[in-house]
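Chemist: Chain order of the listed sequences is A and B.
Take the first sequence: its letter number 141 is residue 141 in this note's numbering, and every next letter is one higher.
Take the second sequence: its letter number 102 is residue 1102 in this note's numbering, and every next letter is one higher.
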Amino acid sequence: MHIADGILPTVWCGVAHGATWVGVWKLSQELDPAEVVRMGLLASVTFAISLIHFPLGGTSVHLGLYGFTGILLGWRAFPVIVAALVFQAFLFQHGGLLSLGMNAINMGAGAAVSTAVWRHLPLAESLRAAMCGFMGILVPALLLATEFSLAGYGRGFYVMAVLYVGAAALEGGLTAGIVMFLRRTRPGVLA
Amino acid sequence: MSVRFERLDPRFRLLLTLAAIALVSSSPAMFPGPFGVFAVLTGLLWMTSRAGVAELLWRTLPALPIVVLAAAVFFLRELGTPSAGQGAAAIAVKGALAAALLALLSASTTMPELIWSLRKLRVPEPFCAILTLMARYVDVISEEYVRSSRARQSRCVTPLARLPRAIVGRQFGMLFLRTADRAERIYQAMLSRGFTGGWPMAKQRPAAGFDYGFLVVSVILFGVARILAGQR
C-alpha cells in the first residue's frame, strides 16, 4: 500500500510533501518532552508491529496500527505515522522519498478517520475500536486507488482496495483486542 | 582524493537523491529515450558508492512490486493503443530508477546521519526526537516482542495466524504496556541526567567545496537529461 517514487505525478508528490512537513511542523508545536518520548516509543511499537506478517488468502499482510495510533494520539498521530514511514522508506524501500508525502497523507487520513470514529461515534467501545482498525487500513487503500485513478491508471487499483477489506477486517479484530485489553488492565491509557 | 558518495555531507546526499528522483519522476511518461541517460547517471552514482552492486540491487527490489503493478495496470488500461507498451515501460523504468537512487541513499547513509541532516535542514526538533527514539528503541521493542512470542508459543501450540484475534490483540496490548512503562522509566532517567528537551548532536565536518561541487554537477547532469526528455 506504499506508493513508490516515479509512478504518480511529481507535482502531486511535491505538494503532498510540502503539506506533510507543514502538518508535522504544526502538530509538533508545544509538545512537552514527556509526550515526545511517549510518541517516539509509540512510533517504534507501530514500526515493530508493522514488521509482523500474517498469511491472508494466499498472500501475506502486515499490520499498520494507524487506527490504534489515531485512538491513542488523535491528530498527533500524524508525526508518528510520518516517522514510521521515514523508517520504512529508508530501511526497507517501502514507499519512496518523494512520495513520502502522498503516503503520509493516505495513512494519516486513516488515523484521522479513526480518531473521529473513536471520539464521536455513539457505539460500544469494542465495536468502535474494531471500526477504527478497519478504517485505518481501508481509508488509505481507497485514497491510494483514487489517486491512481485520477493520475490516469484507470480503476484497476480499486480492485486492490477491495482485496484490502480482508486485511482491514484482520486489523479491526486486532485493534479491538488491544483496546479491550488496555481497557481492562490500564484504562488511563485510553483517554 | 577518491570520489565517494559516502564522503558527501549527509545533507547533500539527501538533497541530491531527492532532486534526482524528482527529475527522473517528472520526465514525460511517453518518451522513454532519455531514460538511458538517467540510467547511466544512476549507474555512475552507484559506482561511487562503497556498497556493492549486489547490495544495491537487493535494496532496490522491495520497491519494485508496486512499480510493476502500476505499469501492468497502465498497460491493461491502454491495451490496444500504440502508447500502451511505451507508457508502461516508461513507468516501470522511472519507478525502478527512483528506487535505485533511494537504495543508494539508504545504503550509504546511517540513521543518525539522516536524523542529523533533517535537523540541519530545519525539520522540527520534536519530530527529529521521535525519529531518534525510534532508531534507539526499535531493536529493544522487537526483542520484547520475540520474548512475548516465545512465552505464548511455550503455552500454546496454535500458530499466531490461527489464534483468535483477541489473544493476539492481548499480546500486542501487553507489548504496548511494557513499552509504555519502559518509556516512563527512560524518561525519568533522562530527566535525572539533566534532559531539558534538547538533543545532543554528533559533530560533523562543515560542508566543503567537494560537497557543493558533487551536488551541483550531479544535479546539472540529471537536469540536462530531464531537458532532453522534453515537455510533458
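We put the CB at the ideal spot given by N, CA and C, even for glycine.
What span of residues does the alpha helix (DSSP H) with residue 1102 of chain B cover, start to end?
Modeler: Where residue 1102 of chain B is concerned, the enclosing alpha helix (DSSP H) stretches over 1083 to 1108.
Chemist: Residues of chain A with CB under 7 angstroms from residue 1192 of chain B, in chain order?
Modeler: What residue 1192 of chain B touches in chain A: nothing, since even the nearest Cβ is about 13 angstroms away.
Chemist: When we look at the beta-carbon of residue 88 of chain A and count the other beta-carbons within 10 Å, is it buried (16 or more) or exposed?
Modeler: Buried.
Chemist: Taking only beta-carbon atoms, is residue 1081 of chain B less than 9 angstroms away from chain A?
Modeler: With 9 angstroms as the cut-off, residue 1081 of chain B does not count as an interface residue toward chain A.
Chemist: Please identify, using Cβ separations under 8 angstroms, the residues of the region 1112 to 1126 of chain B that lie next to chain A, in order along the chain.
Modeler: If the cut-off is 8 angstroms between Cβ atoms, the region 1112 to 1126 of chain B has 1114, 1123, 1124, 1125, 1126 near chain A.
Chemist: Give me the residue from B:1102, B:1071, B:1099, B:1076 with the minimum Cα distance to residue 1088 of chain B.
Modeler: The shortest C-alpha separation from residue 1088 of chain B is found at B:1071.
Chemist: Is the beta carbon of residue 1059 of chain B closer than 9 angstroms to that of residue 1107 of chain B?
Modeler: Yes. Within cutoff.
Chemist: Please classify residue 1187 of chain B: is it buried, with 16 or more other beta-carbons within 10 angstroms of its beta-carbon, or exposed?
Modeler: That one is buried.
Chemist: In three-state terms, what does DSSP make of residue 17 of chain A?
Modeler: The answer is helix: DSSP assigns residue 17 of chain A an H, G or I state.
Chemist: On a Cα-Cα basis, can you pick out the residue from B:1126, B:1175, B:1013 that is closest to residue 1146 of chain B?
Modeler: For the residues B:1126, B:1175, B:1013, the minimum Cα distance to residue 1146 of chain B belongs to B:1175.
Chemist: Which of helix, strand or coil does DSSP assign to residue 94 of chain A?
Modeler: Of the three classes helix, strand and coil, the one that applies to residue 94 of chain A here is coil, per DSSP.
Chemist: Could you tell me the distance, in whole angstroms, from the CA atom of residue 1014 of chain B to the CA atom of residue 173 of chain A?
Modeler: Whole-angstrom Cα-Cα distance: 39 angstroms.
Chemist: Classify residue 1047 of chain B as buried or exposed, calling it buried when 16 or more other Cβ atoms lie within 10 Å of its own Cβ.
Modeler: Exposed, because fewer than 16 other Cβ atoms sit within 10 Å of the Cβ of residue 1047 of chain B.
Chemist: From residue 1097 of chain B to residue 1038 of chain B, what does the alpha carbon distance come to, in whole angstroms?
Modeler: If I take the Cα positions, the gap works out to 8 angstroms.
Chemist: Please work out which residues of its chain come closer than 6 angstroms, Cβ to Cβ, to residue 131 of chain A, disregarding the five sequence neighbours upstream and downstream, and give them in chain order.
Modeler: Around residue 131 of chain A: 117.
Chemist: Pull up the distance between the alpha-carbon of residue 1026 of chain B and that of residue 3 of chain A, whole angstroms please.
Modeler: Distance between the alpha carbons of residue 1026 of chain B and residue 3 of chain A is about 16 angstroms.
Chemist: What number of angstroms, rounded off, separates the C-alpha of residue 35 of chain A from the C-alpha of residue 181 of chain A?
Modeler: For residue 35 of chain A and residue 181 of chain A, the distance between alpha carbons rounds to 23 angstroms.
Chemist: So, for residue 43 of chain A: in the same chain, excluding its five sequence neighbours on each side, which residues have a beta-carbon less than 7 angstroms away from its beta-carbon?
Modeler: 80, 83, 84, listed in sequence order.
Chemist: By alpha-carbon positions, which one of B:1073, B:1035, B:1009, B:1044 ends up nearest to residue 159 of chain A?
Modeler: Among B:1073, B:1035, B:1009, B:1044, the Cα nearest to that of residue 159 of chain A is on B:1073.
Chemist: What residue from A:156, A:125, A:144 has the CA that sits closest to residue 177 of chain A's CA?
Modeler: The shortest Cα separation from residue 177 of chain A among A:156, A:125, A:144 belongs to A:125.
Chemist: Residue 1133 of chain B and residue 40 of chain A look like a contact to me (Cβ under 8 angstroms); what is the Cβ gap, rounded to whole Å?
Modeler: With 8 angstroms as the limit, residue 1133 of chain B and residue 40 of chain A qualify as a contact, their Cβ atoms being about 3 angstroms apart.
Chemist: Going by beta carbon distance, what residues of the same chain come within less than 8 angstroms of residue 140 of chain A, once the five residues before and after it are set aside?
Modeler: Answer for residue 140 of chain A: 1, 64, 66, 106, 107, 109, 110, listed in chain order.
Chemist: Quick one: which residues of the region 23 to 36 of chain A get their C-beta closer than 7 angstroms to a C-beta of chain B? List them in chain order.
Modeler: Answer in chain order: 24, 25, 28, 31, 33, 34, 36.
Chemist: Which residues mark the beginning and the end of the alpha helix (DSSP H) in which residue 120 of chain A is found?
Modeler: Residue 120 of chain A -> alpha helix (DSSP H) spans 100 to 120.
Chemist: Alpha carbon to alpha carbon, how far is residue 103 of chain A from residue 138 of chain A?
Modeler: C-alpha separation (whole angstroms): 14 angstroms.
Chemist: In whole angstroms, what separates the C-alpha of residue 9 of chain A from that of residue 1152 of chain B?
Modeler: When rounded, the distance between both Cα atoms is 46 angstroms.
Chemist: From the beta carbon of residue 1077 of chain B, is the nearest beta carbon of chain A less than 9 angstroms away?
Modeler: By this cut-off, residue 1077 of chain B is an interface position.
Chemist: Could you tell me which whole alpha helix (DSSP H) segments of length 4 or greater appear in the region 114 to 160 of chain A?
Modeler: Fully enclosed alpha helix (DSSP H) runs of 4 or longer: 125 to 148.
Chemist: Say whether chain A places a C-beta atom closer than 9 angstroms to the C-beta of residue 1168 of chain B.
Modeler: Yes, its Cβ sits closer than 9 angstroms to a Cβ of chain A.
Chemist: From residue 91 of chain A to residue 150 of chain A, what distance separates their C-alpha atoms?
Modeler: Near 30 angstroms, if we compare the C-alpha coordinates of residue 150 of chain A and residue 91 of chain A.
Chemist: Smallest Cα separation from residue 1230 of chain B: which of B:1078, B:1028, B:1208?
Modeler: Of the listed residues, the one whose Cα sits closest to residue 1230 of chain B is B:1028.
Chemist: Rounded to whole angstroms, what's the CA-CA distance from residue 33 of chain A to residue 75 of chain A? Just pull it up for me.
Modeler: Each residue's alpha carbon lies about 17 angstroms from the other.
Chemist: Quick check: what's the CA-CA separation for residue 31 of chain A versus residue 1180 of chain B?
Modeler: Each residue's Cα considered, the two are about 18 angstroms apart.
Chemist: Can you check the region 19 to 76 of chain A for any alpha helix (DSSP H) of at least 4 residues that lies completely inside it and give the ranges in chain order?
Modeler: List check, alpha helix (DSSP H) in window: 33 to 49, 66 to 73.
Chemist: Quick one: list the residues of chain B neighbouring residue 153 of chain A, beta-carbon separation under 8 angstroms, in chain order.
Modeler: By Cβ distance, chain B contributes 1070, 1073, 1074, 1077.
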